[in-house]
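In this text, residue positions in the sequence shown follow UniProt numbering: the first is 1, and each later residue adds one.
We put the beta carbon where it would ideally sit given N, CA and C, even for glycine.
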Amino acid sequence: MAEYIDAFATAYDRFWAPYPERMGEAWLRLHAHLAPGAERSLLDVGCGTGIVAARFAAAGYRVVGVDVSAAMIARARERLAGTDAVLLTADATDFEVPRPCAFALSTYDIVNHVGELDRVRAYLRRVHAAVPPGGWFGFDMSTIRGLSADVPPVSREDGTASVVAARGPLDGERRPLHITGELRGDDGRTTPFATTITNTAHRVADVLAALTDAGWVPKHVTAVDDLLTDVPDPEALPRVAVIAHRA
Ligand SMILES: C[S@@+](CC[C@H](N)C(=O)[O-])C[C@H]1O[C@@H](n2cnc3c(N)ncnc32)[C@H](O)[C@@H]1O
Numbered sequence: 001m002a003e004y005i006d007a008f009a010t011a012y013d014r015f016w017a018p019y020p021e022r023m024g025e026a027w028l029r030l031h032a033h034l035a036p037g038a039e040r041s042l043l044d045v046g047c048g049t050g051i052v053a054a055r056f057a058a059a060g061y062r063v064v065g066v067d068v069s070a071a072m073i074a075r076a077r078e079r080l081a082g083t084d085a086v087l088l089t090a091d092a093t094d095f096e097v098p099r100p101c102a103f104a105l106s107t108y109d110i111v112n113h114v115g116e117l118d119r120v121r122a123y124l125r126r127v128h129a130a131v132p133p134g135g136w137f138g139f140d141m142s143t144i145r146g147l148s149a150d151v152p153p154v155s156r157e158d159g160t161a162s163v164v165a166a167r168g169p170l171d172g173e174r175r176p177l178h179i180t181g182e183l184r185g186d187d188g189r190t191t192p193f194a195t196t197i198t199n200t201a202h203r204v205a206d207v208l209a210a211l212t213d214a215g216w217v218p219k220h221v222t223a224v225d226d227l228l229t230d231v232p233d234p235e236a237l238p239r240v241a242v243i244a245h246r247a
């Protein structure tokens with residue numbers, strides 16, 4: 001289970017926002033391209049602090065967000081205040097939506113966060129149950145290559161927080177990301193925190209087969225910086241985007 005504890009939720013929002021901000025724009029454009037005139041309703045599974053969901057809400061989408069971390073959902077709730085977004089603290093493998101959503105989206109490696117392949121299958125089935133026929137589903141995932149790569153620790157700091165994220169060794173299919181940091185309060189006092197987030201590596205082909213088993217029709221596998229162009233060898237990239245249709 002990935003641990004997005006309260007202090008890390010604050011640090012995530014501060015230091016990890018550029019990727020979801022960029023991808024929110026890209027997926028919004030893609031949905032308009034795939035399904036012009038479709039109902040504007042979004043299911044964001046693993047919605048985190050609501051960065052992507054808020055971009056869709058600003059474009060007129062009614063949002064349902066799901067995330068297992070109450071700390072992340074609390075920040076999403078603040079970000080989406082004033083909209084009619086429904087935000088649920090629930091596991092991606094076991095949730096029900098209050099209304100169907102024409103577009104489902106999971107950004108930033110939710111497939112890898114969810115864990116072993118049986119849990120991924122349950123997650124893909126849950127999303128399928130939430131999207132009516134004709135709807136679309138997009139998500140990104142780190143590939144085995146991406147999760148196997150040796151990357152140096154990442155350090156981020158501003159006046160109010162600092163964080164270091166360092167990958168542990170690959171253990172079978174699982175790769176831990178050890179995060180330590182501290183938050184600084186207005187009174188100058190610091191609160192240290194530490195957490196570990198575990199990602200599971202999957203073959204893209206296994207995820208595509210699980211998608212099909214769950215009732216989806218996989219349509220495209222692309223690079224995350226070009227959601228319109230299929231890539232011939234997804235395993236050669238560190239991260240890919242997958243786009244599926246519900247027939
Ligand atoms: C890297 S963050 C991405 C958040 C958001 N999608 C974004 O792009 O900013 C991963 C998120 O997945 C959530 N998560 C991890 N495991 C989950 C699970 N089993 N069910 C639902 N959410 C999960 C975490 O709590 C965290 O908010």
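- Distance from the CA atom of Glu25 to the CA atom of Leu170, rounded to whole angstroms, is 32 Å.
- Taken through DSSP and simplified to helix, strand or coil, Glu182 comes out as strand.
- Boundaries of the alpha helix (DSSP H) around Thr10: 6-15.
- In the structure shown, Val204 falls within a helical segment according to DSSP collapsed to helix, strand and coil.
- Cα atoms of Ala165 and Asp233: separation of roughly 29 Å, rounded to the nearest angstrom.
- In the structure shown, Trp216 adopts coil according to DSSP, grouped into three states.
- Ordered by chain, the residues meeting the criterion of a beta-carbon within less than 5 Å of a non-hydrogen atom of ligand 1 are Ala2, Tyr4, Pro20, Gly46, Gly48, Ile51, Asp67, Val68, Ser69, Met72, Asp91, Ala92, Thr107, Tyr108, His113, Val114.
- Pairing Val231 with Asp187, the inter-Cα distance amounts to about 51 Å.
- Per the C-alpha coordinates, the member of Ala130, Val111, Thr107 positioned closest to Pro100 is Ala130.
- For Phe56, the enclosing alpha helix (DSSP H) begins and ends at 51-58.
- Rounded to the nearest angstrom, the gap between the Cα atoms of Thr49 and Ser106 is 13 Å.
- Taking a cut-off of 8 Å on C-beta distances, the stretch 24-40 does not touch the stretch 2-12, as fewer than three cross pairs fall below it.
- Val204 counts as buried, since no fewer than 16 other beta carbons sit within 10 angstroms of its beta carbon.
- Between Thr93 and Ile73, the C-beta spacing is not below 9 Å.
- Beta-carbon to beta-carbon, Val221 and Val242 are separated by about 6 Å, close enough to satisfy the 8 Å threshold.
- Here Ala102 is near Ala35, since their CB atoms are less than 9 Å apart.
- Counted as a single uninterrupted DSSP element, the stretch harbouring Arg99 is not any beta strand (DSSP E), since DSSP gives it neither H nor E.
- When rounded, the separation of the alpha-carbon atoms in Trp136 and Leu228 is 14 Å.
- Residues His202, Asp206, Ala210 of the same chain have their beta carbon placed closer than 7 Å to that of Leu117, with the five preceding and five following residues left out of the count.
- For Thr212, same chain residues with a beta-carbon under 7 Å away, outside a window of 5 residues either side, are Pro218 in chain order.
- Contact between Asp84 and Arg55 is absent: CB atoms are separated by about 16 Å, not below the 8 Å threshold.
- The residues His128, Val131, Pro132, Pro133, Gly134, Gly135, Trp136, Phe137, Gly215, Trp216, Val217, in chain order, have a CB closer than 8 Å to that of Arg246 in the same chain once the five nearest residues on each side in sequence are set aside.
- In the three-state reduction of the DSSP assignment, Leu105 falls in the strand class.
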